[in-house]
Every structure is written in C-alpha cells, then in structure tokens.
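Engineer:
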Amino acid sequence: RFTVSGARVPRILPCHHTICETCLAGIARADDSSSVAWTLKCPSCRNQTVIPNGSIRNYEVDFRVNRLIEVLARLHQLDMPPGEALRRKAAELRPEVTKSAKTVRLFLRHVEQDAP
Numbered sequence: 011r012f013t014v015s016g017a018r019v020p021r022i023l024p025c026h027h028t029i030c031e032t033c034l035a036g037i038a039r040a041d042d043s044s045s046v047a048w049t050l051k052c053p054s055c056r057n058q059t060v061i062p063n064g065s066i067r068n069y070e071v072d073f074r075v076n077r078l079i080e081v082l083a084r085l086h087q088l089d090m091p092p093g094e095a096l097r098r099k100a101a102e103l104r105p106e107v108t109k110s111a112k113t114v115r116l117f118l119r120h121v122e123q124d125a126p
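According to the numbering used here, the residues represented by the sequence shown are 11 to 126, in order.
As structure tokens, then:
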C-alpha cells in the first residue's frame with residue numbers, strides 16, 4: 011500500500027513500473043550479489059536494473075500515484091465513492107462540452123454549405 015511520505019513512497023523503475031521503497035529494499039537485498047553495483051529485478055516484468063548510486067531513493071517518486079492517493083483520501087474524507095465524484099465532475103462539465111459540441115456542429119455545417 012503506497013503512502014505519500016515515509017517508507018511506502020511510490021518509486022518509478024526504468025521499466026516504468028511503480029513499486030514502494032520498502033518493497034524495493036526487500037528486492038534489492040534478495041537480489042544482492044557480491045558485486046560492487048546493487049541490482050534488483052522488477053517484480054512485475056522481471057527486468058533487472060542497477061540501483062542508481064546504490065540508493066533506492068535515487069529512483070524518481072511517482073507523483074501521479076501520490077496525487078491519486080491524495081484524491082482518494084479526499085474522497086474518503088467526503089464519504090464519496092470515486093464513481094460519484096466522477097459523475098459530479100461530468101455533470102459540472104456537461105454544459106461546457108455541450109456548448110463546444112454545438113459550436114463544432116455549426117462550424118461544420120457552415121463549411122459544408124461553402125464547399126463546392
């Protein structure tokens with residue numbers, strides 16, 4: 011389970027899979043050999059990678075996952091299921107989308123009328 015801070019921060023591997031720091035540390039120890047460079051295998055695709063500068067914290071934080079965690083926590087505070095939040099946002103945007111669609115239809119009719 012990912013967290014925005016602490017030991018379960020989501021990190022992006024070079025293969026683009028996201029794994030928390032704690033899990034990466036466990037994998038690195040399990041795959042550690044007597045070589046100078048520390049390596050690990052992605053648990054999703056098994057791609058082997060060298061740990062940058064020997065520290066898992068040198069992998070980039072997956073800010074997309076962090077943002078998702080924050081949004082879901084906020085929805086939980088509001089006691090609102092994610093599907094309901096999406097329905098409300100869609101309803102909020104519907105007038106703008108409808109207006110834009112009408113504008114595009116009018117433009118296309120105008121273009122069709124002017125076509126030879």
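Ideal Cβ positions, reconstructed from N, Cα and C, are used throughout, including at glycine.
Nothing here was measured: the structure is a model prediction, and the numbers come from that model.
1. With ILE4 and VAL14 assumed to form a contact (beta carbons below 8 Å), what rounded beta-carbon distance in angstroms separates them?
2. Assuming TRP48 and ILE61 make a contact with CB atoms under 8 Å, what is their CB distance in whole Å?
3. Around the C-beta of GLY70, are 16 or more other C-beta atoms found within 10 angstroms, so that it is buried, or is it exposed?
4. Does the separation of the CB atoms of PRO53 and ILE66 fall below 8 Å?
5. Can you give the Cα-Cα distance for ALA40 and PRO105, rounded to whole angstroms?
Structural biologist: Quick answer:
1. Since the first residue of the chain shown is 11 and the last is 126, residue 4 is not available in this structure.
2. 4 Å
3. The sequence shown places Glu at residue 70, rather than the Gly named in the question. Exposed.
4. no
5. Here the model assigns ALA40 a pLDDT of 46, short of 50, so the residue's position is not dependable and the matter cannot be decided.
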